[in-house]
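In our numbering, the protein residues as written are 3 to 275.
Read through the structure below, which is laid out as structure tokens, and then see the notes.
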Amino acid sequence: MKQDLIAVVGATGKTGRRVLTSLQEQGCQVRALSRTSKIPFDWENRETWKPALTDIHSVYVTYYPDLAVPEAQNDIQAFVDLAQSMGVNHLVLLSGRGEQGAQNAEQVVINSTLEWNIVRASWFMQNFSESFMLEGIQAGQLVLPEHMALEPFIDVDDIADVVVAALTRDELRNQVLEVTGPELLSFAQCVDVTAEMLQRDIQLLTVPIESYLEGAEAQGMPADIAWLINELFVNVLDGRNESTTNTIETILQRPAKTFKDYAQDTAATGVWS
Ligand SMILES: NC(=O)c1ccc[n+]([C@@H]2O[C@H](COP(=O)([O-])OP(=O)(O)OC[C@H]3O[C@@H](n4cnc5c(N)ncnc54)[C@H](OP(=O)(O)O)[C@@H]3O)[C@@H](O)[C@H]2O)c1
Numbered sequence: 003m004k005q006d007l008i009a010v011v012g013a014t015g016k017t018g019r020r021v022l023t024s025l026q027e028q029g030c031q032v033r034a035l036s037r038t039s040k041i042p043f044d045w046e047n048r049e050t051w052k053p054a055l056t057d058i059h060s061v062y063v064t065y066y067p068d069l070a071v072p073e074a075q076n077d078i079q080a081f082v083d084l085a086q087s088m089g090v091n092h093l094v095l096l097s098g099r100g101e102q103g104a105q106n107a108e109q110v111v112i113n114s115t116l117e118w119n120i121v122r123a124s125w126f127m128q129n130f131s132e133s134f135m136l137e138g139i140q141a142g143q144l145v146l147p148e149h150m151a152l153e154p155f156i157d158v159d160d161i162a163d164v165v166v167a168a169l170t171r172d173e174l175r176n177q178v179l180e181v182t183g184p185e186l187l188s189f190a191q192c193v194d195v196t197a198e199m200l201q202r203d204i205q206l207l208t209v210p211i212e213s214y215l216e217g218a219e220a221q222g223m224p225a226d227i228a229w230l231i232n233e234l235f236v237n238v239l240d241g242r243n244e245s246t247t248n249t250i251e252t253i254l255q256r257p258a259k260t261f262k263d264y265a266q267d268t269a270a271t272g273v274w275s
């Protein structure tokens with residue numbers, strides 16, 4: 003039934019996978035969407051969007067690769083326009099803190115006629131285990147661009163729980179839910195906690211952004227991801243996000259997960275071995 007069907011865009015990704023599972027466990031009717039889903043959805047092929055949104059009541063949107071990229075605002079505008087014209091009721095957008103591109107996309111959603119939520123998140127802890135920092139941790143040497151700021155890294159499990167609350171609790175509608183982890187940490191502190199948990203040495207090497215990008219591109223990093231790394235390390239990690247929020251406690255009635263808890267749980271999975 004249309005009233006019950008919730009679409010998850012990016013359903014195999016870090017947050018989408020968790021949101022999908024949690025909704026299924028609660029007995030919600032869900033439609034997984036990504037390039038590889040039964041009904042395929044591709045941000046780069048707008049012909050796939052209409053079948054993906056047919057009969058959908060609510061939709062959780064993760065944009066790929068990141069709302070910071072220049073084409074994101076146009077894509078989100080076109081997606082929102084289509085959702086409105088197809089009778090979608092509610093859209094929850096995953097956004098990033100302190101990114102101009104993300105803020106532009108947020109405004110598109112907020113100014114639409116849809117019911118909406120923005121879940122505006124800090125850096126994911128899972129970037130160390132499910133993304134571009136995984137290989138470095140496995141190899142025992144993580145190379146990153148030089149940066150100054152501390153970051154309130156958040157566990158993606160907490161983001162997924164807030165997204166599910168936004169999708170299923172009417173009283174949360176039409177709000178920006180800004181979510182962070184409980185403490186400000188440096189990348190070096192995260193690496194130290196991880197090394198301690200694994201009981202082995204992990205070296206953190208920071209290099210000028212130019213050398214980092216040269217090395218990464220030589221190893222095959224796609225140009226759009228290289229652009230994104232530059233944007234995040236140079237323009238976003240400048241101190242603007244050095245604060246925490248209590249949104250997790252307020253919405254979920256429990257504390258946000260610490261990096262130590264995340265590292266302990268992740269070490270136990272064996273992914274860093
Ligand atoms: N990482 C962070 O620290 C951070 C912090 C704040 C906000 N964010 C936001 O998080 C969002 C990403 O969410 P996520 O981390 O949950 O996802 P993710 O792990 O990056 O997963 C990407 C998902 O998108 C799908 N995908 C890849 N290319 C696609 C395409 N061209 N069209 C349609 N789907 C595509 C993938 O599945 P298939 O391969 O099957 O298509 C997968 O399901 C970004 O918009 C970013 O702004 C990230």
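By construction, the Cβ of each residue, glycine as well, lies at the ideal position given by its N, Cα and C atoms.
Decide if residue i is buried, meaning its Cβ has at least 16 other Cβ atoms within 10 Å, or exposed.
| i | result |
| --- | --- |
| arginine 202 | exposed |
| glutamate 148 | exposed |
| glutamine 128 | buried |
| glutamate 216 | exposed |
| glycine 98 | buried |
Pop quiz: residue i and residue j are said to be a contact at Cβ under 8 Å. What is the actual Cβ separation, rounded to whole angstroms?
| i | j | result |
| --- | --- | --- |
| arginine 175 | histidine 59 | At roughly 13 Å, the Cβ-Cβ gap does not stay under 8 Å, so arginine 175 and histidine 59 are not in contact. |
| arginine 119 | glutamine 177 | Note that residue 119 is asparagine in the sequence shown, not arginine. Right, the Cβ-Cβ distance comes to about 6 Å (below 8 Å), so this counts as a contact. |
| isoleucine 8 | leucine 116 | About 14 Å; that fails the 8 Å criterion. |
| glutamate 185 | threonine 246 | 7 Å |
| threonine 17 | valine 158 | 6 Å |
| alanine 70 | alanine 104 | 6 Å |
| isoleucine 211 | phenylalanine 235 | 6 Å |
Start and end of the beta strand (DSSP E) containing residue i?
| i | result |
| --- | --- |
| proline 147 | 143-147 |
| isoleucine 8 | 7-11 |
| valine 71 | Here valine 71 belongs to no beta strand (DSSP E), and DSSP marks it neither H nor E. |
| alanine 167 | Where alanine 167 is concerned, there is no enclosing beta strand (DSSP E), although the alpha helix (DSSP H) it sits in stretches over 158-170. |
Identify every residue that forms a DSSP beta bridge with residue i.
| i | result |
| --- | --- |
| histidine 92 | Ser60, Glu117 |
| aspartate 44 | Asn47 |
| valine 181 | Ala123 |
| arginine 33 | Ala9 |
To the nearest angstrom, how far is it from the Cα of residue i to the Cα of residue j?
| i | j | result |
| --- | --- | --- |
| aspartate 6 | serine 87 | 18 Å |
| asparagine 232 | threonine 23 | 33 Å |
| threonine 182 | aspartate 194 | 20 Å |
| glutamine 109 | leucine 55 | 21 Å |
| lysine 4 | glutamine 31 | Unreliable placement is indicated for lysine 4, whose pLDDT of 42 sits below 50; the coordinate value is still reported in the next sentence. For lysine 4 and glutamine 31, the distance between alpha carbons rounds to 9 Å. |
| tryptophan 51 | leucine 207 | 42 Å |
| isoleucine 112 | leucine 95 | 10 Å |
| leucine 152 | glutamate 137 | 22 Å |
| glutamate 219 | threonine 196 | 27 Å |
| alanine 141 | proline 67 | 25 Å |
The alpha helix (DSSP H) with residue i in it runs from where to where?
| i | result |
| --- | --- |
| glutamine 79 | 74-87 |
| arginine 20 | 16-27 |
| valine 238 | Taken as a continuous stretch (DSSP letters only), valine 238 belongs to no alpha helix (DSSP H), as it is neither H nor E. |
| glutamine 205 | Taken as a continuous stretch (DSSP letters only), glutamine 205 belongs to no alpha helix (DSSP H), being part of the beta strand (DSSP E) at 205-209. |
| leucine 254 | 249-254 |
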